[in-house]
Each structure stands twice: as structure tokens, then as C-alpha cells.
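Protein chains in written order, with my numbering: chain Z, 595 to 982; chain D, 1485 to 1698.
The C-beta atom is built at its ideal place from N, Cα and C for all residues, glycine as well.
Have a look at the structure below, then the notes.
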């Protein structure tokens, strides 16, 4: 009966449903986006305390070298970087050198410690050792179809595919299993390979002039955070702290998120007001029907529960639609993220906070219906029936 | 059966006290309560089914003193023992005619005898409207559907409040005959509350209500 009653005022019911679905959907989408962002950040930061690279924006340094979603700030000299790696306050350093891509995926030169750091495991083949041997990340293999034994040419730059190095052939020797970290979307080779691609024919470069892009550092002593900036003061290098930069980024990002969240909550409030009006309006229009139910044996509680059920059905429907909308929104967003940054945001399970949101939406919807429901408890049946 | 003795009622402390004559209607019997507007006919009907409580006097339905019942027990008793037909037919608009007939059973937590309901609608000549919404029915059809709803759960007493006031002579005769037939078939007592003098000759057991204040 509650269901049918909602159907009597289709326009009002639809409006309440859409408003609530929109509000819940937006809050849910923000929750999912924050979770995916936070997971992506956390997965890739993994014990990287400092990033050493060329001077410039510290945030850019982190985004370029930890997440591989921005251009690097420049190159640094290997010998300068090694001084920092060997500093007593530093436990370990992973050097990175890159500047080329294959079909938009970055080719990153490093040593085995890079893959070990992310716990990457081989799905096929072996780890690259010789120059121009490449281990392909899971996502890269999935997208490009590269497999062990395949060969390809790299293109200069991080996305452009026009300037192809046709004289240097890469050979795939391994494919990584999925690790859901940044290594999935990279092609891995040695640093020497990166150098070899860019050295001119017959060109001899002094080892002291060799350059890399960055070093991911793990500190031995907490004082490294204070000491290393002094050590590199006279060079073109800087160190950035991923945790701090990401925190700053999420705080800046958070202002926008909070604004959106406030708008979403406002929409939810409006939708609850709409449910209230819908049930109250129904109560006024159906006062005689409710009195009729009482003459046929319904208790006051029964009539109250009927109105409560109408509010409950509306809020349940709205909240469910909202969660469906947020999944659709996330899938669209995931496609954009994947196209632009190659990150996989395919996880659409319900978050604990979303269960809370769902429960809260139904609870408030029930409360919005309870207020007119209490008025229904006070209906004077005899007078109502006599009015007609 | 239903018996009302020494009944008086007052809406508010500052409003006049309405006194009603003693009434008695046996099981399966018929009673006509006749009176002009404002003499308290509907008030008496509401007192008889427990929608209002008398200031004094006793109302017994099937041997049960209504004053002894309260809250949901009274609601359930009303639902079980009474079928009420109102002057203007009213239904749950979102439900079909057949579904409206299921409401009394639903509220009493009983299973709905669908085939019996269809038979009843058939005997009232509106079986073809079973799936229609009440608002799609003519006034006469709505009145018949009201009769069906009042009888479907086999109540002990059927209370009809001005069932013929909006009908012409032919329709009045047809509706009241139907009502009497169906009540007799169901073994229910029929109490008709009306100002319609056309019904006077049909009932031997009748009480004329007069405007009163004491």
C-alpha cells in the first residue's frame, strides 16, 4: 500500500528520489574518489622518505618521480646524487632515469631495487639485466599487448610518439604480475639503457657527467630530513618529502572536496525536506483514507507505520539510486584517470563510510516521514469522517 | 447483536449533551435510525462502533462492553465486528477495487478470500470492475463496492450512514435491497442511519432520533 501510495504522486515522488539520489551519489562519489586517491598515494609512497631531484616545484618532483603523472623538474648529476645516497643518514637510494615512452607509457631506467621496493613479481620471463632489455608493467602489457620476445622502439618525451628512436631496439624479457602500484604502468630497463638511447653515435661521455632524473631515498636517521637540504645547498638539487607534499596537495584538493561535500549535504537536506513535504502532503490529501483504515481495524501505530514506510521506501530508493549513480560516476572518472594518468580505479565496492551514509540517509528519511506520521496519530477519526 | 442503553455524549465540556434512546438489534436483524440533520445520527453511529466514547451509558456488541476495550484491542474489535458504509463512498485511491476489499483482511492479519470477493462483486454486478481504480467507477458502482468492502470480512454488524441520500428512488430501492440481501446472506445485523423518509416503510424496527440537548 505504501508503495502504491508513492505512485499516486509520481512527480513529487520522482523529485524526492532524484534529489536524494543526487545528494547521496555526490557524497558517495567524493568518498570513493578520496579513497581511491588515498590508496593510490599510499600504495606508491611505500617507505619513500625523501625524493632527490632537480630544483623546481617539490610537488612536481614527487608527482613526476613517485607517481609518474607529471614532467620531471630536470636532471641531476649522478656523482652528486651518489654523495647523498652514501650519506650516513641515508639507508638506501633508488636512482631513476627516464625521458622516453612507448605508446604513452614511460620507460624508466633504474636498478633491481626499484621493482623489489614495490614487491613486483614476474608473471612471465626474467628481470632485465642487459642494455635494451625491458620488463613490462602489467598495465602496459595489458594495454599494448607487449609480451616476452617482442621488440619495439621508444619515442622521445613522456607522451609524444612522433620522435621515435628507430636505431635503438628494445626487447621485452619479462612481464610483471599486477601489483596495483606505479610499476604496473611503466616499462623497466637499466639506467645505462636510457643513457645509451640518448648518446650520439660514437659519443663518449665522461662518467662524472652522467645524469639521472631523481633518487628515491629511504632515511636511516630522522635527522636526514634536516641535514640533506644543507648537504645539497650548493648544487642544482633539492629534496622533497612525499608525505608532506601529498598532504599539502590533499589539503588544497580538500578545499574543493569540502565545498562539493557541503553542496551534496545541502542537496540531501533539501531532499529530506522534499520527503517531509511529500509525506505531509500525502497525509493531508489522504486524511480521510487514514481515518477509513482506522474504521477497518488499523491501530494508530499501523497508520503511523504506513507513513513511516512511505518515507523509508523513498529514502531507501533514493539512497540506493545514489550509490548506483556514484558507481557510474566513478567508472566515468576512472576512464578519464586511466586515459590521462594510466591509473586503475576500478574498485567499486561499498566503503564502510558509504554503509554509514546509506544508513544515515534512510534514518533521516524515516525521521522526515515520522513528523507527519505523528500528526497522523492525532487524527480525530470521527471528526474527519464527519467532515465529508 | 448490539444494544445501547442510556447513552449520552458530549463533544466538549461547553457543548450540549446529546442523549440517545435505547436501541437493540438482534443477530441478523435490521434497525433503522431515522432523523433530520443535526440530531446526532452520525455521532450515534460512531458511538456504536467505538470511534467515540459515550459520556454515560453502555454499548454492548456481541456481549462485549465497548467501554472495556481500549487502544488496539478496540481497533481490532471494530475491524472484526463492524462493516461500515459511508454516505460518500471512500476508498484507498492507490488500490484497485479488489485490493480495497483485501484491506480489512490485511489489517486483521487474515488471508484474503479472493474468490469469495469476486463472487461478492459478481453478486453486486461489478465483478468487471474488480481491477479498476475506485475513481474509475460511477457513483452507483462505488456504492456497491462499499457494500462489498463492508461485508467481505463477515462482520457481525453492518452500519450504513446515509447509504441512499444521493440516489434517486429506483437506485435507492436497488441499493437498499442489495444491502439487505447481502447482510441476510452473511448473517449480519444491519443498522441504517438516515434522514431518508423513503426507507421508513421498509423497517419495522426503527427509532426516530430528535434534536435534543440536556
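Is residue i near residue j, with beta carbons less than 8 Å apart?
{"i": "residue 693/Z", "j": "residue 788/Z", "result": "yes"}
{"i": "residue 1485/D", "j": "residue 1511/D", "result": "yes"}
{"i": "residue 826/Z", "j": "residue 660/Z", "result": "no"}
{"i": "residue 602/Z", "j": "residue 1578/D", "result": "yes"}
{"i": "residue 1586/D", "j": "residue 1602/D", "result": "no"}
{"i": "residue 1544/D", "j": "residue 1487/D", "result": "yes"}
{"i": "residue 905/Z", "j": "residue 960/Z", "result": "yes"}
{"i": "residue 879/Z", "j": "residue 973/Z", "result": "no"}
{"i": "residue 1694/D", "j": "residue 1523/D", "result": "yes"}
{"i": "residue 1539/D", "j": "residue 1493/D", "result": "yes"}
{"i": "residue 740/Z", "j": "residue 766/Z", "result": "yes"}
{"i": "residue 1608/D", "j": "residue 1662/D", "result": "yes"}
{"i": "residue 901/Z", "j": "residue 595/Z", "result": "no"}
{"i": "residue 916/Z", "j": "residue 615/Z", "result": "yes"}
{"i": "residue 780/Z", "j": "residue 696/Z", "result": "no"}
{"i": "residue 1507/D", "j": "residue 1691/D", "result": "yes"}
{"i": "residue 967/Z", "j": "residue 1559/D", "result": "no"}
{"i": "residue 715/Z", "j": "residue 771/Z", "result": "yes"}
{"i": "residue 1541/D", "j": "residue 1490/D", "result": "yes"}
{"i": "residue 750/Z", "j": "residue 744/Z", "result": "no"}
Considering residue i, what are the terminal residues of the alpha helix (DSSP H) in which it resides?
{"i": "residue 700/Z", "result": "Looking at the DSSP string, residue 700/Z is not in any alpha helix (DSSP H); the run it does join, the beta strand (DSSP E), is 699-704."}
{"i": "residue 638/Z", "result": "604-639"}
{"i": "residue 979/Z", "result": "975-981"}
{"i": "residue 1563/D", "result": "1555-1565"}
{"i": "residue 874/Z", "result": "836-879"}
{"i": "residue 659/Z", "result": "652-659"}
{"i": "residue 672/Z", "result": "672-679"}
{"i": "residue 665/Z", "result": "No alpha helix (DSSP H) holds residue 665/Z; DSSP gives it neither H nor E."}
{"i": "residue 734/Z", "result": "732-738"}
For residue i, which residues from the same chain have a beta carbon less than 7 Å from its beta carbon, with the 5 sequence-adjacent residues on both sides left out?
{"i": "residue 1634/D", "result": "1567, 1568, 1569 and 1642"}
{"i": "residue 1591/D", "result": "1563"}
{"i": "residue 629/Z", "result": "945"}
{"i": "residue 1624/D", "result": "1655"}
{"i": "residue 969/Z", "result": "877"}
{"i": "residue 1618/D", "result": "1575, 1577, 1581, 1584, 1626 and 1629"}
Ignore the nearest five residues each way along the sequence and tell me which others in residue i's own chain have a CB closer than 6 Å to its CB.
{"i": "residue 971/Z", "result": "894 and 898"}
{"i": "residue 708/Z", "result": "688"}
{"i": "residue 958/Z", "result": "866"}
{"i": "residue 691/Z", "result": "703, 785, 788, 806 and 807"}
{"i": "residue 979/Z", "result": "885"}
{"i": "residue 1529/D", "result": "1643, 1645 and 1677"}
{"i": "residue 686/Z", "result": "812"}
So, at 8 Å on beta carbons, what are the nonlocal neighbours of residue i in its own chain, with the 5 sequence-adjacent residues on each side left out?
{"i": "residue 991/Z", "result": "Any answer about residue 991/Z is impossible in this case: the structure gives chain Z only from 595 up to 982."}
{"i": "residue 1687/D", "result": "1514, 1515, 1516 and 1676"}
{"i": "residue 1689/D", "result": "1509, 1513, 1514, 1515 and 1516"}
{"i": "residue 875/Z", "result": "603 and 606"}
{"i": "residue 823/Z", "result": "832 and 833"}
{"i": "residue 896/Z", "result": "887"}
Taking the beta strand (DSSP E) that residue i falls in, what are its first and last residues?
{"i": "residue 1637/D", "result": "From DSSP, residue 1637/D is part of no beta strand (DSSP E); its letter is neither H nor E."}
{"i": "residue 781/Z", "result": "780-784"}
{"i": "residue 945/Z", "result": "From DSSP, residue 945/Z is part of no beta strand (DSSP E); its letter is neither H nor E."}
{"i": "residue 1493/D", "result": "1486-1493"}
{"i": "residue 746/Z", "result": "745-750"}
{"i": "residue 718/Z", "result": "716-719"}
{"i": "residue 1615/D", "result": "Note, residue 1615/D: premise wrong, no beta strand (DSSP E); not H, not E."}
{"i": "residue 690/Z", "result": "684-696"}
{"i": "residue 764/Z", "result": "758-770"}
{"i": "residue 1608/D", "result": "That residue, residue 1608/D, is in no beta strand (DSSP E); it is neither H nor E in DSSP."}
If residue i sits next to residue j, beta carbons under 8 Å apart, how far is it from one beta carbon to the other, in whole angstroms?
{"i": "residue 653/Z", "j": "residue 806/Z", "result": "With a Cβ gap of about 20 Å, residue 653/Z and residue 806/Z do not count as contacting."}
{"i": "residue 1561/D", "j": "residue 1519/D", "result": "Actually they are not in contact, since the Cβ atoms of residue 1561/D and residue 1519/D sit about 26 Å apart, beyond 8 Å."}
{"i": "residue 1024/Z", "j": "residue 869/Z", "result": "This structure does not reach residue 1024/Z, given that chain Z is present from 595 up to 982, and the question cannot be answered."}
{"i": "residue 909/Z", "j": "residue 955/Z", "result": "5 Å"}
{"i": "residue 812/Z", "j": "residue 705/Z", "result": "Not confirmed; about 14 Å, so no contact."}
{"i": "residue 722/Z", "j": "residue 668/Z", "result": "Rounded, the Cβ-Cβ distance is 26 Å, inconsistent with contact."}
{"i": "residue 747/Z", "j": "residue 737/Z", "result": "With a Cβ gap of about 17 Å, residue 747/Z and residue 737/Z do not count as contacting."}
{"i": "residue 613/Z", "j": "residue 864/Z", "result": "6 Å"}
{"i": "residue 617/Z", "j": "residue 862/Z", "result": "3 Å"}
{"i": "residue 712/Z", "j": "residue 773/Z", "result": "6 Å"}
{"i": "residue 1640/D", "j": "residue 1668/D", "result": "Residue 1640/D to residue 1668/D, Cβ: 14 Å. No contact."}
Is any heavy atom in the ligand PLP found nearer than 7 Å to the beta carbon of residue i?
{"i": "residue 823/Z", "result": "This structure lacks the ligand PLP, and indeed carries no ligand of any kind."}
* **Entirely enclosed beta strand (DSSP E) segments - the stretch 1516-1601 of chain D, minimum 3 residues** => List check, beta strand (DSSP E) in window: 1540-1545 and 1566-1569.
* Would you list, in sequence order, the uninterrupted alpha helix (DSSP H) runs of no fewer than 4 residues that lie entirely inside the stretch 1669-1698 of chain D? => Taking only runs of at least 4 residues, no alpha helix (DSSP H) segment lies wholly in the stretch 1669-1698 of chain D.
* Sequence ranges, beta strand (DSSP E) only - wholly within the stretch 791-832 of chain Z, length at least 3 -> Listed in chain order, they are 808-813.
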